[in-house]
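Have a look at the structure below, then the notes.
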Amino acid sequence: MAAWSPSPRQRERDAVRRRLQRRSATVATLATVVVLGLLAVVILTSPGWARVRETFFSWEDAKASFPEVIRAFGKNVLLFLLAEPLILVLGALVAVVRSTTAAALFPLRLLATFYTDLFRGVPTLLVVILAGFGIPALQLQGVTNDTFWLGLGALVLSYGAYVAEVFRAGIDSIHPSQVASADALGLSHGQAMRYVVLPQATRRVIPPLLNDFISLQKDTALLSSIFVFEALFAAQDYAAYNFNYTPIVVVAVLFVGLTIPLARFTDWMGRRMMRRERAGAR
């Protein structure tokens, strides 16, 4: 049997498609170069550029502050790694409670609803400040006054409310026939939720969850407001003594370097799930 080869018409269409793609890429590249060039000209020829360069883009200050900033940035990464699993567990639990229908669990549903409404309504910065300064002021026995752990708890409580709603949206997206099928197999409501609903819901909400965790990574910098020595606090400390804000730009570059790969991974996951859904719909 002869090997398949595209027809002349198909080869012609492929050639036209490649030409259009090359032209589109060329136009996009030229447009990007022009826009960035104009932006660079506007910035570099502005009257205050020399002062801005000295204050925010000093190479000497960047080198001097980098060792301390990068050490403190490790605390941001640690906060993120500790908070993420705690937020996932809290969000999933709250979402499951809000999805129950038993009358006896109404007080728990009411509490879960109040929690999500409260912590989605209060800015994360205020939650961090209230936890970092309010809890030590209460002088509770057995409760730590370490602002690192208090700030971590504040981030978990704040983001747990958002993640709970993401999980709940995923649970609500599962067709009722899935629960009916689990019931027909003799599974209890809890077993159906654990083995049937939650696994499917989790796969569907992975992209929005990753977006939330990208925001979480940035918001670890909020803990500088309660004197946790993380990257932003280290940069502000250097700026206060040297009257130069270059370390803050260094911190911004570190956060961007960490969040961009996560953002691209989120985009890839979203496209992958879309391809799977489209393939399954055929």
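If you count by the working numbering, then the sequence shown holds residues -13 to 268, one letter each, in order. Quick reminder that beta carbons are idealized off the backbone N, C-alpha and C, glycines included.
Query raised in the report: Do you know how far the Cα of V82 is from the Cα of A155?
Result: Put simply, the backbone Cα of A155 is about 11 Å away from that of V82.
Query raised in the report: In three-state DSSP terms, what is I160?
Result: Residue state for I160 is assigned as coil, using DSSP reduced to three classes.
Query raised in the report: How about L195 and V142: are their beta carbons less than 8 Å apart?
Result: Not in contact: L195 and V142 (Cβ atoms no closer than 8 Å).
Requested in this report: Round the Cβ separation of T232 and F100 to the nearest angstrom and send it over; I've been treating them as touching at under 8 Å.
Outcome: Between the beta-carbon of T232 and that of F100 there is about 45 Å, and that puts the pair past the 8 Å contact cut.
Query - Assigned secondary structure, W(-10) (DSSP; H/G/I helix, E/B strand, else coil) - result: DSSP places W(-10) in the coil class of the three-state scheme, outside both helix and strand.
Query raised in the report: Pick from N230, T206 and F213: whose alpha carbon is nearest that of G60?
Result: Per the Cα distances, T206.
Query raised in the report: Which stretch, first to last residue, makes up the alpha helix (DSSP H) that contains D198?
Result: If you look at D198, you'll find it in the alpha helix (DSSP H) that goes I192 to D205.
Report task. Below 6 Å CB to CB, which residues in the same chain sit around A140 once its five sequence neighbours on both sides are set aside? Result -> If the five residues before and after A140 are omitted, its C-beta is found closer than 6 Å to the C-beta atoms of V113, V114 and A117, all from its own chain and listed in chain order.
Report task. Please report the residue range of the alpha helix (DSSP H) in which S51 lies. Result -> From DSSP, the alpha helix (DSSP H) with S51 extends over W45 to R84.
Query raised in the report: Hey, how far is the Cα of A90 from the Cα of R84?
Result: C-alpha separation (whole angstroms): 13 Å.
Query raised in the report: Got a sec, what are the start and stop residues for the alpha helix (DSSP H) D223 sits in?
Result: It spans A217 to N228 - the alpha helix (DSSP H) in which D223 sits, taken as one unbroken run.
Query raised in the report: DSSP state of P109, grouped into three classes?
Result: Residue state, collapsed to three classes: coil.
Query - Cβ-Cβ distance between L138 and L68 below 8 Å - result: Closer than 8 Å, so yes.
Query - Environment of I246 [buried if 16+ CB atoms lie within 10 Å] - result: So I246 ends up on the exposed side.
Query - From V165, N197, P53 and F213, residue whose alpha carbon lies closest to that of N131 - result: Relative to N131, the option among V165, N197, P53 and F213 whose CA is nearest is F213.
Requested in this report: Within the same chain, show all residues whose beta-carbon is closer than 7 Å to that of A225, passing over the 5 residues directly before and after it, in chain order.
Outcome: Close CB contacts of A225 within its chain, under the 7 Å cut and outside five residues either way in sequence, are with Y231, P233 and I234 (chain order).
Query - Outcome for D158 when other beta-carbon atoms lying within 10 angstroms are tallied against a minimum of 16 - result: Exposed is the call here.
Query raised in the report: For E216 versus A58, is the C-beta spacing smaller than 8 Å?
Result: Cβ atoms of E216 and A58: closer than 8 Å.
Query - Length of the line joining the Cα atoms of L248 and P33 - result: Computed Cα separation, rounded: 37 Å.
Query raised in the report: How many Å lie between G243 and V21 at the Cα?
Result: In this structure, the CA atom of G243 is about 23 Å from the CA atom of V21.
Report task. Classify D0 as buried or exposed, calling it buried when 16 or more other Cβ atoms lie within 10 Å of its own Cβ. Result -> Around the Cβ of D0, a 10 Å sphere holds fewer than 16 other Cβ atoms; the residue is exposed.
Query raised in the report: Which value, in whole angstroms, describes the spacing of the CA atoms of G146 and S201?
Result: Looking at the two C-alpha atoms, the distance is approximately 13 Å.
Requested in this report: Please classify Q125: does DSSP put it in a helix, a strand, or coil?
Outcome: It is coil, neither helix nor strand.
Query raised in the report: The alpha helix (DSSP H) spanning F42 covers which residue range?
Result: In the DSSP assignment, F42 falls within the alpha helix (DSSP H) that extends over W35 to F42.
Report task. Rounded to whole angstroms, what's the CA-CA distance from T220 to L104? Just pull it up for me. Result -> One point to set straight first is that residue 220 is Ala, not Thr, in the sequence displayed. Answer to the nearest angstrom: the Cα atoms are 32 Å apart.
Query raised in the report: Any idea what DSSP makes of Y148, helix, strand or coil?
Result: In this structure, Y148 counts as helix in the three-state DSSP scheme.
Query raised in the report: When the distance is taken between beta carbons, is Y148 closer than 8 Å to R189?
Result: Taking C-beta atoms as the reference points, R189 and Y148 fail to come closer than 8 Å.
Query raised in the report: Considering only the beta carbon of each residue, do A150 and V55 sit closer than 8 Å?
Result: No, the pair does not count as a contact, with Cβ atoms beyond the cut-off.
Report task. Please name the residue, chosen from D47, R8, R9 and V182, that lies closest to L229 on a Cα-to-Cα basis. Result -> Residue identity differs from the one stated: residue 229 is Phe in this sequence, not Leu. The alpha carbon of F229 has as its nearest neighbour, out of D47, R8, R9 and V182, the alpha carbon of D47.
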